[in-house]
Amino acid sequence: LYARIPLRESSSPTTLVELLSQARTRTAAGSGSGFALHIHMDISHIIPASANTMLFELLLVGLLRDPSSCRMYHRAKADVFRLEIPNSPGNKTARALRFCSLLPTTILDVTADVLDLTRPVFTDAPLCTQIA
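What follows is the structure, encoded as structure tokens:
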């Protein structure tokens, strides 16, 4: 089950614990127990000062705690986290996330020749879930 979690300049342990808990609750309602959650951490080009600490606690320690309310999010062993780090001039964002050097990494290089700029035609408007 998939969930997208944004990591923005305004993100804090409070917001991440809330978003992760909501994702777990939403997906648990539809699938029962014993499921793996696939979390896409959508990291913006401007990250909070605490980003390395939050990611370390969540991904290596397995527990992210909100210091203001003492709420916690416990990462399940079966959960999968994918961190999307955006391009930035001089790779400043990637270099600022020093914690990521400890993780397995796949670099996707997107160039102009691999982009498909054709506008899709949807067959089931207004839902727009089926492409012709």
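Heads up: the sequence shown runs through residues -17 to 114, numbered per the numbering used here.
All C-beta atoms in this analysis are idealised placements derived from N, C-alpha and C, irrespective of residue type, glycine included.
message: So if DSSP puts residue 56 in a beta bridge, which residue, or which two residues, is it bridged to?
response: Looking up residue 56 in the sequence shown gives position 74. DSSP, once it has assigned bridges, lists 45 as partnering residue 56.
task: Compare the C-alpha of residue 28 against each of 108, 81, -9 and 67 and name the closest.
output: Taking the first residue of the sequence shown as 1, we reach residue 28 at position 46. Nearest C-alpha to residue 28: -9.
- request: With DSSP collapsed to three states, give me the class of residue 24.
  value: Position 42 of the sequence shown, counting from 1, holds the residue named residue 24. Here residue 24 sits in strand by DSSP.
query: In three-state DSSP terms, what is residue 65?
result: For the purposes of this step, residue 65 is taken as residue 83 along the sequence shown, with counting starting at 1. Per DSSP, reduced to three states, the secondary structure at residue 65 is strand.
Residue -12 - DSSP class collapsed to helix/strand/coil: For the purposes of this step, residue -12 is identified with residue 6 of the sequence shown, where counting begins at 1. Strand, per DSSP.
message: Helix, strand or coil, according to DSSP, for residue 38 in the structure here?
response: Walking along the sequence shown from the start, residue 38 turns up at place 56. Here residue 38 carries a helix assignment [DSSP, helix/strand/coil].
Under 8 Å between C-beta atoms of residue 18 and residue 60: In the sequence shown, counting from the first residue as 1, residue 18 sits at position 36. In the sequence shown, counting from the first residue as 1, residue 60 sits at position 78. Their beta carbons are under 8 Å apart, which means residue 18 touches residue 60 by this criterion.
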